[in-house]
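Trainee: Take a look at the following structure, please.
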Amino acid sequence: MRKLCYIPVVAIWIAIFSVVGGVDRNNFKTCDQSSFCRRYRAMKKGESPYQLLLNTLKEGESDLQVSLINIKNVVHFNLKLTALENFDFRLEIDEAQPIKQRYRVDYALKGEPATRKLVVTERTSESITVTNGHNKAVLHASPFKIDLYNGKTLMMSLNAQGLLKFEHYRQKTEKPAVPEGEEAVEPPAPVDEAEADIGAWEENYKSHHDAKPHGPSAVGLDFSFPNADYAYGIPEHADSLALKATTATDPYRLYNLDVFEYELNNGMALYGSIPFLIAHGVEATAGVLWLNAAETWVDIEGGAHKGSNVVSSIVNFVSGSGTPPPPLEARFVSESGMIDAFLFLGPNPETVSKNYAEISGVTPLPPLFSLGYHQCRWNYNDEDDVKSVDAGFDQHDIPYDVIWLDIEYTEGKKYFTWDKIKFPHADDMMKNLSLKGHHMVVIIDPHIKREGGYYVHEDATSNGLYVKNKDGNDYEGWCWPGSSSYLDFFNPVVRDYYASKYSLDNFWGTTLDTHIWNDMNEPSVFNGPEVTMPKDCVHYGGWEHRDVHNLYGLTHIMSTFDGLLKRSQGKLRPFILTRSVFIGSQRYAAVWTGDNMAEWEHLQASIPMCLSISLAGMPFCGADIGGFFKNPDSELFYRWYQIGAFLPFMRAHSHIDTKRREPWAYDPETTSLVRSAVRRRYEYLPLWYTLFRHHEVDGLPIMRPIWYNYPKDKSAFTIEDEFMLGKELLVHPVTKSGLTEVSVYFPGEKDLWYDIDELELFSGHGTKTVQTPKEKIPVYQRGGTIIPKKMRIRRSSALAKDDPYTLQIALNADGLASGSLYLDDGETYEYQKGQYVSLVYHYDGTTMVSQLVDKEASFASKSWLERIIVMGVRKAPGRIVLKSQSVGEQEIEFAFNPNKHLLVIRKPAVPIAEEWKLFFH
Amino acid sequence: MQTRHLFITLSCLVSLQRASSVEILRPRGVSVTKTSLYDPEKNFTCFDGSLTIPFVQVNDDFCDCPDSSDEPGTAACPNGLFHCTNAGHQPMDLPSSRVNDGICDCCDATDEFDGQEKLGGGHCTNTCQEMGRAARELAQRLAEMQKRGAEVRKEMARKAAELKAGKSSRLGQLRKDQEEAEALKAEKEAIKKQAEELETAALAVYREAEELEKERRAQLSKEENEKEAKSMFELFDADKDGRISIPELMTKQEFDQNRDGQVTNEEARFFLNQNEEVGEEAFITECWPRMKPFYMMSTGKYIPPGEEPNTNEETEDPENFEAAQDDDNNLAEQTEEPVDAVETEENPEEDVDDGEHEDEEEGDQDKEEEDSDHEKEGEKSFSEVQYDAETQRLIDDAANARHEFEEADRALRDVEREIRQIEESLDKDYGIDGEFAALEGECFEYTDREYTYKLCPFDQVTQRPKNGGGDTRLGTWGHWAGSESDRYSNMMYTNGQSCWNGPQRSTKVELSCGTENLLKAVSEPNRCEYKFEFETPAACHISEDASSKGIHDEL
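Protein chains in written order, with my numbering: chain A, 43 to 963; chain B, 67 to 621.
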């Protein structure tokens, strides 16, 4: 969230505050204004002062440790290389004898990463070679460098550019005044360039002072990817999917910030930070996880990136007149912490994702309702408003699952309370929603109003639950409630306390059908430096905010997740939406792209933004439908619903100053277009649910760039106006005004693509134009797949629980297809005890089978199979016979359309959870 | 589409039901009027004619017809309609997607026949009798109210007609008056012109002396100002170094603009025109003019800048002026609760232009004021001068002539104003029978938690905070905004005061029949777009069949 003007008090001295659209860049630092970023960028390539002392090598069961020295200032470091279970490596570098412990990131990983045996295969005076399965690492002593291979392919090199940087903690020395003309008597202590920087021991930004009591402490390292063309990931930025070269711009910044009216097409920091990067080329895919929670900047250079010098060098190279283009390079620098990097050696996108998910975790299967349509607004004003919006959906026959309440439902922005005048019967309101299978999500932010008598504030004050300022007092900032303090979720006691606030006993008005929106958790502090908390604030364990900033939101949602889990005695799956994310946030929450704008460019940006977030391990992503700020016109509005229906998280949201825009707020035609889009969402809900289950099992993204499924297709590397859902659907939404046609790229040399509206073959490989009248959402099913659908549209997903399924089959060039269906109760954890049904389907033209994947598992579903649609059938079958245990052997009716090559099998009527076989005679 | 049906092996769901009171067999979900379209003896043809299917496939829980007509009694088709008879209450057509979805939609419970437990637990029961009774009672009450209201309305219309007739005849009289007044004004104008010419000629000799006197006064006032500034300079210059610095100002509580108990560096710097320190000259020309209003205010002698005579520097330098203005606003904001600050910020920014309806009148007043100013000035500056008797006589004559002319002019304008008002009112659309005319001139209030809202029909809509503060105009009378068939069901009041960084406020008034005029509810469904619900007998227009419209049962 969002407000046109935050800051009543802060604005006092800004005599003229302009509220023209767009971010106020002056509120946010450039690299040059961030002293460690400035220092890092000033380093010169090829002058690395670091060397390995190979004789110090210690071999462990799964790791090796060796000393690393900075020969310029003779500071020693410990380097540790660990062999991970999936054949990847982890590199850790820390000070050998630190005067103060360096922060080691907590919470982000799923657990302690599993390891394998590390084998030292070769030792010379210059290098050590180790292997982990088919992967290999060569550590060069001087200059220090690590080369990592998958088989014989060099996947990445570390410090190949010599830009390793490790600013050790030091005592602040008051420089003795040296009298003019005299030499200093003492030999100068070992120094580095950090010492000379004016921002080394304190920094000022605007009116904010950062005390920096521990001085310079940055860590940085360069990663080269000789086989990669493009880098992807490191969200969250409102930028292109393929990262741009940053040679002429600031680096990409990772520092969780509440950016008011963010700008598109640049690498400015946004609400979330996931320092995971995928480097991809035709031959190889690799990944780097930079495990650091401090402010981080990432420079990208080389590869096939845009930028005149690089392009021209590629052109020259191709035409034979120049040197090969420089390798793709990514340079990470963080303000504090240690170097801790996971090095994923691929060699393909799926291996990288899967292994990354092994480390950082997956999104557990969400409750089914959360995959439905969410209706939100800042704000639904009172109970009557909620009631009339709910009634509006019924009246206009549009399904929805969740209605949301933004901050105004609280009493004076005191979370866990209700405005009793607007919501005197919140409990009844909640129950009435439940009676129609609907859910509610209410907002709970991490800032706490400093008001006497507010129990959370009083508890937090008396028990010391707040983050402290540098002087050890409760830190006070300004947020929605006015003067606020911030709970220190790094303290387990705070997390437990906060979790207990969600109990139904404590939080009157909520029920088990009430779920939670955790917003403003960067944290947002209206009067803080860059609208967040000062870096010299102090958290539990004595860690500075500087060390842990990007983790704050994660610890917040961890506590909420725990609270929701406990509220149902661990029975029900929580749904949480968070704005701030870090590595691991996917284990607890869905994310949205924050406060976007009702503009076509923002609609376009929602695809690359969610794709980047997906690649970084968070599949449950969406953008505010309609755009948060400003008023969309009817065309933008319905087109936004059309794309929203095919993004993992589907929520409409709007700013308090905008006009009302429930689906029926425009003309009847618009309402009808929105209705179709929302119905499309519900029609494909079984596919969404199945895809989320697949993600939980295999860790792969749900929403994928085209290149992800077609890694060798160079022409797909920069496509960001279309995407795939799993391997089944290709989506190319209309994201520009007035378009009567769009040009869709269909990948896969042998692949066939079927139009899901027409239910017929549309295209093979290549680019094809498709007409896009108002109602058209260009979505194509890949030949060879089978998709489960529900064609009966109810008022909410819960009401369709027992409805029959339709299987939609698209045949590949060989006339084959396969697919799967997952179902369970949609809300509990019983599936983890085997209460589910997982089926695979195979179709080969003469038979079709339904087989249980796990015969031990079972779920008593009342659903049955209503129809089977087969697209791409050349010849009508003579007759079709179904065989199953409950039905026996029966002949089944069908209809065949020879023009469309479409076979519709009527009412097999077999229970969905059963195995069966169809015979085509 | 070419369809081939093979033999059917599926057991047909029970798809025929017995209507409770009348012995007609019809498929589930079909209304009596459509029964003939579903003949169990024949194959069924989709209503759109696209397909013919065996009758067993009607209501067999599979959608065959593209137009959804084969499954009126199941949820199988996407756009089907399920008919419930609801004997004892009103019949209903509901989307067939609501059949067997776990929610009891029909009061006769026929939409939920799958025997499954419903969402709130239990099963659906037939509640049509109670609901029907309640609905009939309600309808009856409404009908009675409608009837009573309609009588009042008739009376309102009659009065409106009377009023209109009165106004028309008054208009005739006024037109005559207007002619007379115009003639009188012309006559007086000629006299005035002549007298003033004589006066001007006589006064020319005195004019020069008057100019000199003016200059002398201006000089005097400038010196006074400087003297005051100098003395303040000495007062503030605590260390007597001939410079006023930020620390020196920070000790003066008068400059604590935000009343936080201390004068901050920024606050002091503002008054030093962003300098670290200033000398006397700069203080006099740049700083004191900026300080003076605040200083005066805190010492209880505040005179708002606009009313101060000759505060020249401030108006000369627009930036200074603006900054000072902004600070005024900020001072105002500060005293508000922070939570409400965003809301209240609107006020200072509000549109100064008060809409068009008052412009004319204001213009008139301005003119009058101007005239009288002129007069006063004349009197004042000449009173000190001794004129010779002849000149004095000419002056008096001219003054008399002016006075008489103004009297005549005012009389004419009064007549014209009244004509305009009557014409406007005769032009206004007060409904089919003029029944809304009686509402003009009256105002109706509604008070909620924070505001009192006031609706003055055909004039304007305002809102006033309960805890004090001025009116905010939510719109002035715009037009009727009902649907084509019911034009007088909604009023639009537009061009209200602008919202901060937002649109102009506007108000839609929804009218409904009531026996008395009553503003029933106010809400703000969109930011700055208000909705008023207003009950009035004027909205009780009875169409002849309205009484029979209330309710009728099927069966």
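Backbone N, C-alpha and C define an ideal beta-carbon position, used for all residues, glycine too.
1) Looking at the structure shown, is glutamate 343 of chain B part of a helix, part of a strand, or coil, going by DSSP?
2) Can you grab the Cα-Cα spacing for the pair threonine 556 of chain A / isoleucine 449 of chain A, in whole Å?
3) Please classify serine 104 of chain A: does DSSP put it in a helix, a strand, or coil?
4) Can you tell me the Cα-Cα spacing of alanine 647 of chain A and histidine 489 of chain A, whole angstroms?
5) So, is the C-beta of leucine 477 of chain A closer than 7 Å to a C-beta in chain B?
6) Against isoleucine 169 of chain B, what residues of chain A qualify as contacts under a CB-to-CB distance less than 9 Å, listed in chain order?
7) Which residue from A/Met745, A/Thr405, A/Val428 and A/Glu956 puts its Cα closest to that of leucine 738 of chain A?
8) Please return the same chain residues whose Cβ sits closer than 6 Å to the Cβ of alanine 467 of chain B, not counting the five positions on each side in sequence.
9) In or out: leucine 945 of chain A buried (at least 16 other Cβ within 10 Å) or exposed?
10) Beta-carbon separation of glutamate 908 of chain A and arginine 921 of chain A under 7 Å?
11) Which residues mark the beginning and the end of the alpha helix (DSSP H) in which lysine 225 of chain B is found?
12) Rounded to whole angstroms, what's the CA-CA distance from glutamate 116 of chain B to serine 134 of chain B? Just pull it up for me.
13) From the DSSP output, in three-state form, read off serine 545 of chain A for me.
14) Taking only the alpha-carbon atoms, compute the straight-line gap between proline 705 of chain A and phenylalanine 691 of chain A and give it to the nearest angstrom.
15) Looking at the C-beta of asparagine 331 of chain B, does it have a partner C-beta in chain A at a distance below 7 Å?
16) Quick check: the region 852-871 of chain A against the region 815-830 of chain A, are there 3 or more CB pairs under 8 Å?
17) With DSSP collapsed to three states, give me the class of glutamate 374 of chain B.
18) Helix, strand or coil, according to DSSP, for cysteine 73 of chain A in the structure here?
19) When you compare the CB of alanine 141 of chain B with every CB in chain C, is at least one pair closer than 7 Å?
20) Rounded to whole angstroms, what's the CA-CA distance from alanine 694 of chain A to alanine 631 of chain A? Just pull it up for me.
21) Is proline 185 of chain A a contact residue of the ligand MG, with contact defined as CB to any heavy atom under 6 Å?
22) Got a sec: which bits of the region 518-537 of chain B sit with their beta carbon under 8 Å from any beta carbon on chain A, in order along the chain?
23) Establish whether the CB of aspartate 439 of chain A and some CB of chain B are separated by less than 7 Å.
24) In chain A, what lies closer than 8 Å to serine 163 of chain B by C-beta?
25) For glycine 548 of chain B, I'd like the list of residues in its chain whose CB is within less than 7 Å of its CB, leaving aside the five on either flank, ordered along the chain.
26) What separation, rounded to the nearest whole angstrom, lies between the Cα atoms of glutamate 292 of chain B and glutamate 300 of chain B?
27) Using three-state DSSP, classify alanine 372 of chain A as helix, strand or coil.
28) Could you tell me which of B/Asp303, B/Met357 and B/Asp326 sits nearest to leucine 345 of chain B, measuring between CA atoms?
29) With a threshold of 7 Å between beta carbons, is glycine 327 of chain B in contact with chain A?
30) What residues in the region 579-597 of chain B bring their beta carbon closer than 7 Å to a beta carbon of chain A?
31) Output needed in chain order: residues of the region 169-189 of chain B with a Cβ under 7 Å from some Cβ in chain A.
32) Between which two residues does the beta strand (DSSP E) holding arginine 975 of chain A run?
33) List the whole-angstrom C-beta distance separating methionine 600 of chain A from tyrosine 149 of chain A, where the pair is believed to meet the contact cut-off of C-beta under 8 Å.
34) Which residues of the region 490-519 of chain B have a Cβ closer than 9 Å to any Cβ of chain A? Give them in chain order.
35) Can you give me the start and stop residues for the beta strand (DSSP E) that threonine 553 of chain A sits inside?
36) Just the C-alpha distance for lysine 701 of chain A and glutamine 893 of chain A, rounded to the nearest angstrom, thanks.
Mentor: With the structure as the only source:
1) strand
2) 15 Å
3) coil
4) In a straight line, the C-alpha of alanine 647 of chain A is about 30 Å away from that of histidine 489 of chain A.
5) Closer than 7 Å to some Cβ of chain B, the Cβ of leucine 477 of chain A qualifies, so yes.
6) Leu477, Lys478, Gly479, Arg837 and Leu841
7) Note on identity: in this sequence residue 738 of chain A is glutamate, with leucine being the wrong assignment. Minimum Cα distance to glutamate 738 of chain A is reached at A/Thr405.
8) Ile257, Lys258 and Ala261
9) buried
10) no
11) 194-302
12) As written in the sequence, residue 116 of chain B is serine, which differs from the glutamate given in the question. Looking at the two C-alpha atoms, the distance is approximately 11 Å.
13) Serine 545 of chain A: coil per DSSP, three-state reduction.
14) Taking the straight line joining both Cα atoms gives about 17 Å.
15) Residue-level contact check: asparagine 331 of chain B does not touch chain A, since none of the beta carbons of chain A fall below 7 Å from its beta carbon.
16) Yes, since at least three Cβ pairs between the region 852-871 of chain A and the region 815-830 of chain A fall closer than 8 Å, the two stretches touch.
17) Any reading at glutamate 374 of chain B is ruled out, since the residue's pLDDT is 44, under 50, leaving its predicted position unreliable.
18) helix
19) Protein chains in the displayed structure are A and B, and chain C is not among them.
20) 18 Å
21) This structure simply doesn't include the ligand MG, nor any ligand for that matter.
22) none
23) yes
24) Taking a Cβ-Cβ threshold of 8 Å, the residues of chain A close to serine 163 of chain B are Asp439, Arg834, Ile835, Arg836 and Arg837, in chain order.
25) Tyr554, Ser555 and Asn556
26) Cα-Cα distance, rounded: 12 Å.
27) strand
28) This sequence places glycine at residue 345 of chain B; leucine is not what is there. Out of B/Asp303, B/Met357 and B/Asp326, B/Asp303 has the C-alpha closest to the C-alpha of glycine 345 of chain B.
29) no
30) Pro591, Asn592 and Arg593
31) Ile169, Leu185 and Gly186
32) Any property of residue 975 of chain A remains undetermined from this structure, which presents chain A solely from 43 to 963.
33) 7 Å
34) Arg515
35) Looking at the DSSP string, threonine 553 of chain A is not in any beta strand (DSSP E), and its letter there is neither H nor E.
36) Spanning the two alpha carbons is a distance of roughly 51 Å.
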